[in-house]
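K.L.:
Numbering (my numbering), first residue to last: 79 to 632. Think of the CB as a built atom: it goes at the ideal place given N, C-alpha and C, for glycine as much as any other residue. Just so it is clear, the structure is predicted and the values come from calculations on it, not from any experiment.
#1: Would you please state the rounded distance, in angstroms, between the beta carbons of residue 240 and residue 272? I believe it to be under 8 Å.
#2: Enumerate in chain order the residues of its own chain whose CB-to-CB distance from residue 479 is below 7 Å, with the five nearest sequence positions on each side excluded.
#3: Would you kindly report the start and end of the unbroken beta strand (DSSP E) that includes residue 572?
#4: Can you have a look at residue 624 and say buried or exposed, based on whether 16 or more other CB atoms are within 10 angstroms of its CB?
#5: Could you tell me the alpha carbon to alpha carbon distance between residue 130 and residue 228, rounded to whole angstroms?
#6: Buried or exposed: where does residue 622 fall if 16 or more other Cβ atoms within 10 Å of its Cβ makes it buried?
#7: Which partner residues of residue 526 appear in the DSSP bridge assignment?
#8: Reducing DSSP to helix, strand and coil, say where residue 150 ends up.
#9: For residue 535, does the count of other Cβ atoms within 10 angstroms reach 16, so buried, or fall short, so exposed?
#10: Among all the DSSP beta bridges, which residues are the ones paired with residue 613?
#11: For residue 384, count the other beta carbons within 10 Å of its own beta carbon; 16 or more makes it buried, fewer makes it exposed. Which is it?
#12: Where does residue 293 sit, in a helix, a strand or coil, going by DSSP?
#13: Could you check what DSSP says for residue 629 in three-state terms: helix, strand or coil?
#14: In whole angstroms, give me the CA-to-CA distance for residue 599 and residue 175.
#15: Under a three-way DSSP split, which group does residue 259 fall into?
#16: Comparing alpha-carbon positions, which option in 288, 394, 547, 123 lies nearest residue 164?
#17: Whether or not the region 540-557 and the region 458-473 are in contact is what I'm after, with contact meaning three or more pairs of Cβ atoms, one per stretch, closer than 8 Å; do they touch?
#18: When you compare only the Cα positions, how much space is there between residue 135 and residue 141?
#19: Thinking C-beta only, is residue 540 closer than 8 Å to residue 406?
#20: In whole angstroms, what is the alpha-carbon distance linking residue 613 and residue 601?
#21: Relative to the alpha-carbon of residue 190, which residue among 628, 201, 150, 210 has its alpha-carbon at the smallest distance?
#22: Nearest-angstrom Cα distance between residue 692 and residue 619?
#23: Whole angstroms is fine: what's the gap from residue 400's alpha carbon to residue 394's?
#24: Mind checking which residues open and close the beta strand (DSSP E) that includes residue 553?
#25: Classify residue 36 as helix, strand or coil using the three-state DSSP reduction.
#26: Excluding the 5 residues flanking residue 475 on each side, which residues of the same chain have their C-beta closer than 6 Å to its C-beta?
#27: Return helix, strand or coil for residue 497, following the three-state DSSP convention.
#28: Which residues mark the beginning and the end of the alpha helix (DSSP H) in which residue 536 is found?
#29: DSSP on residue 508, reduced to helix/strand/coil?
#30: Looking only at DSSP bridge pairs, what is residue 488 linked to?
#31: On the CB-based measure, 16 or more other CB atoms within 10 Å of its CB, does residue 347 come out buried or exposed?
#32: Threshold first: 4 residues or longer. Then list the alpha helix (DSSP H) segments lying entirely within the region 388-461, N to C.
#33: Tell me, which residues are paired with residue 298 by DSSP?
#34: Have a look at residue 288 and residue 117 and give me their C-alpha separation to the nearest angstrom.
#35: Pop quiz: residue 424 and residue 606 are said to be a contact at Cβ under 8 Å. What is the actual Cβ separation, rounded to whole angstroms?
Put into structure tokens, the structure is as follows:
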């Protein structure tokens, strides 16, 4: 019997009063893809950081290749043949891709030719290609994640850990990543993939471990495991209990729930162009739009036809003169949810920046109800009733070092001033009320924002934007990216409730199944233009969106 690549025996880790991991046993075989599943806060990232030398275990034993392994730093882990792609990027945005890669490859320092040769080999073997001369600051999120994965592969590790890597990838990139994971495993290496998407697990995993509240709740070899079993171990609920759009987001088709994961799931049983692109099993059965019947949003006939948000022929040019947005047009009405799909890098990030007031337009205008906000400041837009949940919450929506209360009331501290002094008791009470209303799981309003899980951070951002008294329109960019099942369920419910209350909602997402289940209409970003809209009630909506994403004219 071969020696496992990695074993954890009774591993425990505590942070203050929080037991992050308790008596965890995991075995990862060489030549396999092993998925680590669990909700946010279950201990997945802690486990990865123990293996990668970011933390030290308080109890238990870790072995790498049959030998005791206790790295005291990431550098020590890398020297032992372990690489990790973190959920949050570590790239230097002011540098080019080549400079970032050379920065961590001491043997290749200043040897551009050898680096290019190595990258060509990686591109051929793992279907990952990057532009060495592109500055990281100009790259969309998905492209930056590719660079992180390439950076890890350059070290030729025996074990690679990927912490929620697909959370920032579009469907086509997810396909490529899954192929990459298979290719790495085929080379005899071990891959640990942290994910909450059961559709991905069904496609790529040889084995899985489910963590729940810091302990092992289930898992095993895929040939002996069902999707339903993994789901119940993760969240204590069955597929039938999930909101349809949550099921779409995690890639779960109830029809496949009882299958052993070693048996191909339904997304591999069709040559549909829609499924090949989106790769989510809930799509292309003629029922993709059916879940919308469960939505709280009133029908288009029951709301005012007057738009709450109008994007009229908006154009944005990059520094090199190319068009990031090209004559983009879109209308959102009160009470409806409008989606924007598309492969990342087709103008979605620039459009959100325009709406938030962070990017100037070269032409066209943006109107909120009856007010032209094209040149308005972000503060003015907020005062007029525009809320924005940006794509990168860590960079654009929160201050990790500040408390939850401070993050909740950014720009609103004046409401808590009494005789020139800040009334922290009143602020704390108001903050706690919002934390309770949005089910934010934290020790109180005065803990740092950075101490929360990703799902709870997103809830705080949503609480701030949705709690505005005069909210007219909410723009949410990738609102469920990287979140666990419970957090996805909560976020989507809040978006529906906002629309049911008469707010116009614009959702930008790379999750096509989620948009189909959530939205009334979906536009597709392609080369800076917005094609569509596609009515999600149309049985052919999934295929229409897929064709528009590939640039096929309707």
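P.N.:
According to the structure shown:
#1: Taking the chain shown and counting its residues from 1, one reaches residue 240 at position 162. Taking the chain shown and counting its residues from 1, one reaches residue 272 at position 194. Yes, residue 240 and residue 272 are in contact; Cβ-Cβ is about 7 Å, under 8 Å.
#2: Locating residue 479 in the chain shown gives position 401, counting from the first residue. Hits under 7 Å: 526, 528.
#3: Mapped onto the chain shown, residue 572 falls at position 494. Careful: residue 572 lies outside any beta strand (DSSP E), inside the alpha helix (DSSP H) at 563-578.
#4: Walking along the chain shown from the start, residue 624 turns up at place 546. So residue 624 counts as buried.
#5: For the purposes of this step, residue 130 is taken as the residue at position 52 of the chain shown. For the purposes of this step, residue 228 is taken as the residue at position 150 of the chain shown. Approximately 17 Å between the Cα atoms of the pair.
#6: If you number the chain shown from 1, residue 622 lands on position 544. With 16 or more Cβ atoms within 10 Å of its Cβ, residue 622 is classed as buried.
#7: Here residue 526 refers to the residue found at position 448 when the chain shown is read from its first residue. In DSSP, residue 526 forms a bridge with 481.
#8: If you number the chain shown from 1, residue 150 lands on position 72. Here residue 150 sits in coil by DSSP.
#9: Here residue 535 refers to the residue found at position 457 when the chain shown is read from its first residue. Here residue 535 is buried, its C-beta having at least 16 other C-beta atoms within 10 Å.
#10: Residue mapping note: residue 613 aligns to position 535 of the chain shown, counting from 1. The partner list for residue 613 (beta bridge, DSSP) reads 599.
#11: Within the chain shown, numbered from 1, the residue matching residue 384 stands at position 306. So residue 384 counts as exposed.
#12: For the purposes of this step, residue 293 is taken as residue 215 along the chain shown, with counting starting at 1. Strand, per DSSP.
#13: On the chain shown, position 551 is the one that residue 629 refers to. In the structure shown, residue 629 sits in coil (DSSP, three-state: anything other than H, G, I, E or B).
#14: Your numbering for residue 599 matches position 521 in the chain shown. Your numbering for residue 175 matches position 97 in the chain shown. Cα to Cα, the separation comes out at about 37 Å.
#15: The residue labelled residue 259 in the question sits at position 181 within the chain shown. DSSP places residue 259 in helix when its eight states are reduced to three.
#16: Residue mapping note: residue 164 aligns to position 86 of the chain shown, counting from 1. For the residues 288, 394, 547, 123, the minimum Cα distance to residue 164 belongs to 123.
#17: yes
#18: Walking along the chain shown from the start, residue 135 turns up at place 57. Walking along the chain shown from the start, residue 141 turns up at place 63. Distance between the alpha carbons of residue 135 and residue 141 is about 12 Å.
#19: For the purposes of this step, residue 406 is taken as the residue at position 328 of the chain shown. For the purposes of this step, residue 540 is taken as the residue at position 462 of the chain shown. In this structure, residue 540 does not lie closer than 8 Å to residue 406 by Cβ.
#20: Here residue 613 is taken as the residue at index 535 of the chain shown, counted from 1. Here residue 601 is taken as the residue at index 523 of the chain shown, counted from 1. About 9 Å.
#21: Residue mapping note: residue 190 aligns to position 112 of the chain shown, counting from 1. The candidate whose alpha carbon is nearest that of residue 190 is 210.
#22: This structure does not reach residue 692, given that the chain is present from 79 up to 632, and the question cannot be answered.
#23: Here the question's residue 400 lines up with position 322 in the chain shown. Here the question's residue 394 lines up with position 316 in the chain shown. Their backbone Cα atoms lie some 9 Å apart in a straight line.
#24: In the chain shown, the residue the question calls residue 553 occupies position 475. It spans 551-555 - the beta strand (DSSP E) in which residue 553 sits, taken as one unbroken run.
#25: One cannot answer for residue 36 here, as it falls past the ends of the chain, which runs 79 to 632.
#26: In the chain shown, the residue the question calls residue 475 occupies position 397. For residue 475, where only same-chain residues beyond five positions count, the Cβ hits under 6 Å are 468, 539.
#27: On the chain shown, position 419 is the one that residue 497 refers to. Coil.
#28: By 1-based counting over the chain shown, the position of residue 536 is 458. First-last of the alpha helix (DSSP H) with residue 536: 532-544.
#29: Here the question's residue 508 lines up with position 430 in the chain shown. Residue state, collapsed to three classes: helix.
#30: Taking the chain shown and counting its residues from 1, the one referred to as residue 488 is at position 410. None, per the DSSP bridge assignment.
#31: Numbered from 1 along the chain shown, position 269 holds the residue referred to as residue 347. Confidence in residue 347 is poor, its pLDDT being 33 and thus under 50, which makes the residue's placement unreliable; the coordinate value appears in the next sentence. The residue in question, residue 347, is exposed, as its Cβ has fewer than 16 Cβ neighbours within 10 Å.
#32: The DSSP assignment places complete alpha helix (DSSP H) segments of no fewer than 4 residues inside the region 388-461 at 426-434, in order along the chain.
#33: For the purposes of this step, residue 298 is taken as residue 220 along the chain shown, with counting starting at 1. Partner(s): 286.
#34: Within the chain shown, numbered from 1, the residue matching residue 288 stands at position 210. Within the chain shown, numbered from 1, the residue matching residue 117 stands at position 39. So the alpha carbons of these two residues sit roughly 9 Å apart.
#35: In the chain shown, counting from the first residue as 1, residue 424 sits at position 346. In the chain shown, counting from the first residue as 1, residue 606 sits at position 528. With a Cβ gap of about 7 Å, residue 424 and residue 606 count as contacting.
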